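Basically my numbering = 1-based index in the sequence shown + 2. Structure, as structure tokens:
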Amino acid sequence: MTKTVKDRQFRPVSVPDVELGGFWGKWQDAVCQSTAETLLDRCVEAGMLKAIDVSQPSPGIVIPIQPWGGTTQMFWDSDLGKSIETIAYSLYRRPNPELEARADRIIDMYEKLQDEDGYLNAWFQRVQPHRRWTNLRDHHELYCAGHLIEAAVAYYQATGKRKLLNIMCRFADYMITVFGRKEGQIPGYCGHEEIELALVRLARVTGEKKYLDLSKFFIDERGTEPHFFTEEAKRDGRDPESFIQKTYEYGQAHQPVRDQKKVVGHAVRAMYLYSGMADIATEYKDDSLTAALETLWDDLVTKQMYVTGGIGPAASNEGFTDYYDLPNDTAYAETCASVGLVFWASRMLGRGPDRRYADIMEQALYNGALPGLSIDGKTFFYDNPLESTGRHHRWKWHHCPCCPPNIARLVTSIGSYMYAVAEDEIAVHLYGESAARLKLANGAEVELRQATNYPWDGAIAFTARLDRPARFALSLRIPEWAAGATLSVNGSMLDLSAHLADGYARIEREWSDGDRVALYLPLTLRPQYANPKVRQDVGRVALMRGPLVYCAEAADNGGDLNAIVLPRELPSAETVVMEELNGAVAVDLAVEREETENWGKALYREEPAARVPHKARFVPYHLWDNRAPGEMLVWVQSGR
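Set out below in structure tokens:
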């Protein structure tokens, strides 16, 4: 396999330029039919519109101040922002005049709320105006601004309406005057990263480099000495050491970002920071940032990531603990964290296709993030354990409702993660039924149609539509798990090994209208064993088929799932299409099962349980808890 030089700049296509069918089309339809409106309804029920409506008195403190000095009410702007972003993408797929009008009214409220200088934050304008810019470590001001910026970009791209984009450009212009190293400016950054990646999106849609420069400033300043959070606390009359997490590792501010070697702290914050760093590395061709990110990437995926792509095992800090500490039944693995990992992985592809990032992006997308949304789009997971006794279920809403709109906006924008373009190259990172309109920097315009039933089937066909022949490279990811993959162009088989570069098949040629590429990825069932240092998975095995992690549910297998024993050599599997689970492919396997009924009354005895032949059904993990509540298990006993 050849290694490519990371001197290219790949940027994602905009969401309206990709139409989805098949697997992702069904999920997007669920968001369009249910989730988008559900998010808005529940934001209204929580009182969020009253908070931004200047025609009404301020609602004041609705959710009490917590020991950390703030309240989740401070994040309401971010919840509305992500909900508007979801609505924007849903409107592109399925016009909904009533929902669009509701979003327009919210945007009108924000326009009226905005100060003359451009500042915009419901909490610090209507509840605690005297606390503006006084506690960036804890109070999420820039975080909220970032999500509103992302909403503005999405709404403009999907509807063509500029009002929210103009509002957030004014706010970003104001930030440029507030933050910096000049006399009278604040040399600081947010405790919860998000503004960094949002400013890059704003720069790309407006063409204004000043927003890139502000993002780079926030990244470059983070963790430098004298430490901003310490100095800020002193100015504010607070004890710099008296805060709930007691460490700047919580917000990845313990060292300058280029010096950080270990992924630590709050998982979502880490993913958003690394996403912004990767974007800036791409835009400035900053090898020092790329090198730091590569070190952090290896630290995460080799020592701290669940097989599902879930990250952050602990509820106490919503984040990371020790290496190889990956408990299953108590796994926090926040939906937002896996969404963030998808963000980071996709941005690591900005300097060129590399399957070590795209494979993890796919793994986290299907198995870490997607479980957060039910099939009907109405209920959600915040945390995602890999084992349940039957008491873990999706809920309708949460006092900190960050996950529902986060997974919804990811699902509705997934087309932009599938394709990316550079000057003379198209990269296909993810597979799924779709049609993409792509414009390369060299001026070539291509429509690429992808026909497939992936991830249930590994046959993938691409058809190119061009007005005139054009020379460019088409790079297709060949997943590491896809042993025996084949590739052809217009019916002629290619030597895949001769075209591989960083795990992508790179086909450079002059393309003509109607050219067809056929890719086949074998979806064989394969066992996954954890590093022996992961004590919770010793003697256990998980199953994957293609990009999907599988699990056993009581709905198919009854209780006592820990009694199932998979043979060391996997038997031939029978696949079954389950229409009630969106046409998912389930797997039936001949296994053994320990007899629990005949054990007797004793808690302990000298002889192990007898084993009897049994047939077990495994379903994709992302679909668990969509049927009758019950036990669930990913890591199953492994036979000798």
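From the three backbone atoms N, C-alpha and C, an ideal C-beta is built for every residue, glycine too. For clarity, every value in this text was computed on a predicted model and none was experimentally measured.
Using the three-state DSSP reduction, which class does residue i fall into: helix, strand or coil?
i           : result
residue 520 : strand
residue 259 : helix
residue 321 : strand
residue 539 : helix
residue 192 : coil
residue 441 : strand
residue 5   : Its pLDDT being 48, under 50, residue 5 is placed unreliably by the model, and nothing is read from it.
residue 383 : coil
residue 33  : helix
residue 643 : Residue 643 lies beyond the range of the chain shown here (3 to 642); nothing can be said about it.
residue 14  : strand
residue 413 : helix
residue 63  : coil
residue 271 : helix
residue 223 : helix
residue 156 : helix
residue 280 : helix
residue 136 : coil
residue 514 : coil
residue 601 : coil
residue 265 : coil
residue 208 : helix
residue 332 : coil
residue 341 : helix
residue 526 : coil
Can you tell me where the beta strand (DSSP E) with residue i in it begins and where it stops?
i           : result
residue 546 : 542-547
residue 465 : 461-467
residue 554 : 550-555
residue 582 : It is not in any beta strand (DSSP E) - residue 582 carries neither H nor E in the DSSP assignment.
residue 638 : 638-640
residue 566 : 566-568
Measure the beta-carbon distance from residue i to residue j and round it to whole angstroms, keeping in mind my assumption that it falls under 8 Å.
i           : j           : result
residue 144 : residue 197 : 4 Å
residue 427 : residue 471 : So it is not a contact: roughly 16 Å between Cβ atoms.
residue 370 : residue 422 : 21 Å between Cβ atoms; not a contact.
residue 34  : residue 95  : 5 Å
residue 409 : residue 375 : 5 Å
residue 274 : residue 210 : Between residue 210 and residue 274 the Cβ distance is about 21 Å, and since that is not below 8 Å, they are no contact.
residue 219 : residue 267 : Wrong, their Cβ atoms sit about 21 Å apart, outside the cutoff.
residue 84  : residue 141 : Rounded, the Cβ-Cβ distance is 18 Å, inconsistent with contact.
residue 203 : residue 152 : 6 Å
Starting from residue i and walking both ways along the alpha helix (DSSP H), at which residues does that stretch end?
i           : result
residue 232 : 230-237
residue 617 : Element bounds for residue 617: not the alpha helix (DSSP H) but the beta strand (DSSP E), 613-622.
residue 458 : Per DSSP, residue 458 belongs to no alpha helix (DSSP H) and is neither H nor E.
residue 429 : Here residue 429 belongs to no alpha helix (DSSP H); instead the beta strand (DSSP E) covers 427-430.
residue 249 : Per DSSP, residue 249 belongs to no alpha helix (DSSP H) and is neither H nor E.
residue 296 : 289-305
residue 313 : That residue, residue 313, is in no alpha helix (DSSP H); it is neither H nor E in DSSP.
residue 126 : 124-128
residue 363 : 357-365
Should residue i be labelled buried (16 or more other beta-carbon atoms within 10 Å of its own) or exposed?
i           : result
residue 637 : buried
residue 444 : exposed
residue 458 : buried
residue 577 : exposed
residue 561 : exposed
residue 606 : exposed
residue 137 : buried
residue 348 : buried
residue 279 : buried
residue 54  : buried
residue 585 : exposed
residue 304 : exposed
Could you pull out every residue in the same chain whose Cβ sits closer than 8 Å to the Cβ of residue i, ignoring the five residues on either side in sequence?
i           : result
residue 216 : 174, 177, 178, 181, 201
residue 16  : 159, 418
residue 5   : At residue 5, the pLDDT of 48 sits below 50, so the modelled position is not reliable and the matter cannot be decided from this model.
residue 3   : Residue placement at residue 3 is flagged as unreliable, the pLDDT there being 46, under the threshold of 50; the coordinate-derived value follows with that caveat. The answer, listed in chain order, is 499, 502, 503, 504, 505.
Which residues in the same chain as residue i place their Cβ atom closer than 6 Å to its Cβ, once the five residues preceding and following it in sequence are excluded?
i           : result
residue 488 : 522
residue 476 : 428, 509
residue 525 : 460, 547, 548
residue 483 : none
residue 302 : 265
residue 519 : 464, 491
residue 342 : 270, 273, 274
residue 27  : none
Keeping to the same chain, check which residues put their C-beta closer than 7 Å to that of residue i; ignore five residues upstream and five downstream.
i           : result
residue 364 : 432, 549
residue 531 : 543
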